[in-house]
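Positions 4 to 603 (this note's numbering) are the ones given, in order, by the sequence shown.
Where a beta carbon is used, it is the ideal one built from N, C-alpha and C, also for glycine.
As the structure is a computational prediction, the values presented were derived from the model and not from experiment.
Below is one structure, written out as structure tokens; the observations come after it.
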Amino acid sequence: MSKFKRLQFTEYVKKLPTAAVFEHFVNDESSQRRIVSPDLINTISTEFMQKEALSLRFSQLNEQVKKICFLIYLHGDAGLHATPYKEHHQELMNSFLLYMASDHRGDTFYFGFPDLENSMGSLLAKYMGESSTVSIPSSPLIAEPCSTLSDMVIFAGLALQGLVKRKKDGQLSQITLVELKKKIHCTDSAHTTKLDGETIDTYGELLCAFAEKRRLIEQHGEGFDTLYNGWFELFKNPSQDLHTELIRFYLDSLGGWSFTLVIQLLSATHDQWLSSTIFEELDASGFNTFLQMLFCLGVVELQLEHGEILYRRKQPSYSVEHSQSDQRIMVLPDFSVILPQELAPTKLMQFLQVGEVNSFDKVYKGTINRVCIFNSLSRGTTADTLIDLLQQWNTPANIIESVKEWIREFSRLGIIRQQVVVSFDQQTSRELSSFTTISNLLEPVEVHRIFKIKEGCEKRVEDILKDMGFDARLATKEPSHFTDASITFKNQPENPMISLDFKHQVVAEPRSVKSGKYSEELKNLDQSEMYHVIEYATLMGYDLRIVYEGDDSIGPGEYTFKPYKCIQGPDSHITTQHAITGVITKYFIKKIAKIGVKTA
Numbered sequence: 004m005s006k007f008k009r010l011q012f013t014e015y016v017k018k019l020p021t022a023a024v025f026e027h028f029v030n031d032e033s034s035q036r037r038i039v040s041p042d043l044i045n046t047i048s049t050e051f052m053q054k055e056a057l058s059l060r061f062s063q064l065n066e067q068v069k070k071i072c073f074l075i076y077l078h079g080d081a082g083l084h085a086t087p088y089k090e091h092h093q094e095l096m097n098s099f100l101l102y103m104a105s106d107h108r109g110d111t112f113y114f115g116f117p118d119l120e121n122s123m124g125s126l127l128a129k130y131m132g133e134s135s136t137v138s139i140p141s142s143p144l145i146a147e148p149c150s151t152l153s154d155m156v157i158f159a160g161l162a163l164q165g166l167v168k169r170k171k172d173g174q175l176s177q178i179t180l181v182e183l184k185k186k187i188h189c190t191d192s193a194h195t196t197k198l199d200g201e202t203i204d205t206y207g208e209l210l211c212a213f214a215e216k217r218r219l220i221e222q223h224g225e226g227f228d229t230l231y232n233g234w235f236e237l238f239k240n241p242s243q244d245l246h247t248e249l250i251r252f253y254l255d256s257l258g259g260w261s262f263t264l265v266i267q268l269l270s271a272t273h274d275q276w277l278s279s280t281i282f283e284e285l286d287a288s289g290f291n292t293f294l295q296m297l298f299c300l301g302v303v304e305l306q307l308e309h310g311e312i313l314y315r316r317k318q319p320s321y322s323v324e325h326s327q328s329d330q331r332i333m334v335l336p337d338f339s340v341i342l343p344q345e346l347a348p349t350k351l352m353q354f355l356q357v358g359e360v361n362s363f364d365k366v367y368k369g370t371i372n373r374v375c376i377f378n379s380l381s382r383g384t385t386a387d388t389l390i391d392l393l394q395q396w397n398t399p400a401n402i403i404e405s406v407k408e409w410i411r412e413f414s415r416l417g418i419i420r421q422q423v424v425v426s427f428d429q430q431t432s433r434e435l436s437s438f439t440t441i442s443n444l445l446e447p448v449e450v451h452r453i454f455k456i457k458e459g460c461e462k463r464v465e466d467i468l469k470d471m472g473f474d475a476r477l478a479t480k481e482p483s484h485f486t487d488a489s490i491t492f493k494n495q496p497e498n499p500m501i502s503l504d505f506k507h508q509v510v511a512e513p514r515s516v517k518s519g520k521y522s523e524e525l526k527n528l529d530q531s532e533m534y535h536v537i538e539y540a541t542l543m544g545y546d547l548r549i550v551y552e553g554d555d556s557i558g559p560g561e562y563t564f565k566p567y568k569c570i571q572g573p574d575s576h577i578t579t580q581h582a583i584t585g586v587i588t589k590y591f592i593k594k595i596a597k598i599g600v601k602t603a
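Here's what the structure looks like:
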């Protein structure tokens, strides 16, 4: 989500009428010369931004206005809607610790000055911390960063099972959220009563949006395709890096909250607890949900005391090294499995090759089943890999024998949808195998007999085979990644189109994508504007239309494709990947004569 550059304090003073500058900032009444020079502006700014001066000015505000100031700086680049605070407007504006601007609809918002943010943050955090902390002796609820990564694995498991779906309005389906709530850490029996439903829904949307951004899932209709190998590689990254990336993605999706100020506030309370009630009385636009999301992400501790939610900053621990006993997966003879909650995300991901997680309450409870085995084989996982995993867990012999039988079942039959080369005699087969140039491009498939499906009977054949107990999928390698996805994130606040004019002049409505440089019409643009168009198409998941002059590998002509990556430099180019074959194609920017964006 876009953010907007806020007005610096010095720039704001320049926009003030001369009389206002002398009335509020210049104490020399004997001076007859009323000229606001650049030197005077610099002097005013330097003196005003001294920490002692800011502290004095802040201390003179009434208690309610101090809390409103906190909310204004907390809302950062999004701004705080001014309408609910009309009765305090004059005192707020006369403090000069903030300013007001309007969006394209004429709605007004309060903003804090970026160049005052550090000093004001310290003052505001200290004041709010002193006025809202309590001490309680009971034990807090703690969500570890590694628990958050395990929740991501659980989401991957739902996607692999085909249980991740979106409704027509773009939000995750109820069945997806219900399944997620049964299996993730922050909704176990100890936590459920402390988190509201909106927080859990938002957490689910976050995991889904992050997976789309990381190109691990791709939406097809209401459902999603997913990449097991992509998820498994993801969790090989250092836990701290991955956890930080997820938090940063969440904050960027919000587009407004000042995370720095939140951490300053939580740090100012030291070991005491911050009460949520101070924000409820000021209509904090979902700040409690925001803090609960930070709990889900392992950033804060949470406590419920007499119906009041309390928060405290947590120092995260990223260690995922546990003893072998802590990592032990217990497989019972009835195919049920018990997995410890401390299990490393990579090991939890391994389990999804043979089974599914059914619930979480202190430990994960799952089952090994035929569907998961078939799904893994269809993704290209070898039978030896699956058997080795089961043996590592000391799986009972009856289960290993059942899995071997399932593997034999899967290997009996498959429907080929790819283009194939069919050799009709032994001599031709030997010739193809011995000629390295082509044998490197072919993969032999061992079969007993090939049946050609009669034209128009494909669906009926598949249904009959399914009724007969066959899984007609072939073992194929997963593509390295999907095409770009257009990411949606529930409850994304709409950022105001800020007019940085002191007189609150209303800005024009943004142009439709049907016109301007982002339109479908093919246009001649310079290289810097081309980059903007490419970034826009990539972000929104739209196709690019280009007129290409041609190069050594691509002929001249008009092309339409979904951009995957744009590389800038001496050989600037766009890459795109064929959704089926996985072939990467490179278009050089300097060879693009015209460009447009196809939005539908």
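Beta carbon of residue i nearer than 8 Å to that of residue j
i: I220; j: V167; result: yes
i: I456; j: V450; result: no
i: L342; j: G301; result: no
i: F227; j: D118; result: no
i: L57; j: S150; result: no
i: T229; j: L163; result: yes
i: M155; j: L210; result: yes
i: I595; j: Y551; result: yes
i: Y15; j: F116; result: yes
Buried versus exposed call for residue i [16 or more other C-beta atoms within 10 Å across all chains shown]
i: N378; result: buried
i: K8; result: exposed
i: A22; result: exposed
i: F290; result: buried
i: G358; result: buried
i: T439; result: exposed
i: F238; result: buried
i: G459; result: exposed
i: K593; result: exposed
i: V374; result: exposed
i: H188; result: buried
i: M471; result: exposed
i: L198; result: buried
i: S442; result: exposed
i: T384; result: buried
Reference residue i, options the options, closest by Cα
i: F591; options: R331, V600, K568; result: K568
i: F114; options: S122, R108, A104; result: A104
i: L268; options: Y130, D546, G226, E236; result: Y130
i: S279; options: R315, T541, C299; result: R315
i: P348; options: G160, Y534, V265; result: G160
i: I44; options: K185, L59, N240, F25; result: F25
i: V265; options: I598, G79, K365; result: G79
i: Y231; options: G207, L380, Q344; result: L380
i: L445; options: E461, S256, Q430, V425; result: V425
i: V39; options: L19, M52, P566; result: L19
i: V68; options: K407, E55, K462, L100; result: L100
Where residue i sits in the DSSP three-state scheme
i: C569; result: strand
i: H84; result: strand
i: W409; result: helix
i: V302; result: coil
i: Y15; result: helix
i: L277; result: strand
i: V374; result: helix
i: H576; result: strand
i: V600; result: strand
i: E552; result: coil
i: Y231; result: helix
i: K365; result: coil
i: K506; result: With a pLDDT of 33 at K506, under the threshold of 50, the modelled position of that residue is not reliable, and no figure is offered here.
i: V340; result: strand
i: A104; result: strand
i: D546; result: strand
i: T111; result: strand
Own chain partners of residue i with C-beta closer than 8 Å, once the 5 adjacent residues on each side are dropped
i: Y88; result: I71, L95, Y113
i: D529; result: none
i: K185; result: N361, S362, F363
Cβ-based neighbour list, residue i, same chain, cut-off 7 Å, excluding 5 preceding and 5 following
i: Q353; result: L392
i: T579; result: F564, K565, P566, Y567, T588
Residues near residue i by beta carbon distance below 6 Å, same chain, minus five either side
i: L77; result: S261, L264
i: I570; result: H576
i: A128; result: Q267, L268, A271
i: G233; result: L219
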